[in-house]
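Here is the structure we will look at.
Numbering (the numbering used here), first residue to last: 1 to 147.
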């Protein structure tokens, strides 16, 4: 029995305490990962349900501009109005697939006067210092402004 007496030393008690703390931390991180997976699956199912749906009127998808239902993410909407190209903004230094470029943000004024900022997508930064080549505005019925 004296061969196992070292287990009662302070050093071994410290190792045991460290092992218990490590096990608790691993259990908490595992629960966190499972919660993240559930959130990801919810988002994927939302995209699957809404992405290829027929466009709905903006008033139906967003009755109050200050309120937004998470279940309507990725739902195509039909809007009527005009682009405001004079207010277009290029947000620089936006990475995409290992390259740097710009996000093209263009205001869109609805017929009722409400203005939405539309992220028309990413364009690559020119390497030769020339002007950024921003694609033209989408036409009626188009679903993807920058293709």
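Ideal placement from N, C-alpha and C gives every residue a C-beta, glycine not left out. Note that the structure is predicted; figures quoted are calculated from it, not measured.
Since I believe residue 103 is in contact with residue 94 (beta carbons under 8 angstroms), could you give me their beta-carbon distance rounded to a whole number of angstroms? 5 angstroms
Taking the alpha-carbon of residue 81 as reference, which of 68, 62, 112, 129 has the nearest alpha-carbon? 112
Can you tell me which of 51, 63, 126, 137 puts its alpha carbon nearest to the alpha carbon of residue 118? 137
Terminal residues of the alpha helix (DSSP H) in which residue 12 lies: 10 to 50
Helix, strand or coil: which one does DSSP assign to residue 75? coil
Does residue 66 come out as helix, strand or coil in the three-state DSSP assignment? coil
Residue 60 lies in the alpha helix (DSSP H); which residues open and close that run? 58 to 61
Going by C-alpha distance, which of 85, 86, 58 is nearest residue 77? 58
Relative to the C-alpha of residue 51, which residue among 134, 71, 98 is closest? 71
Looking at the secondary structure, which residues open and close the beta strand (DSSP E) in which residue 130 lies? Neither: residue 130 is in no beta strand (DSSP E) and is coded neither H nor E.
Where the beta strand (DSSP E) through residue 83 begins and ends: 81 to 83
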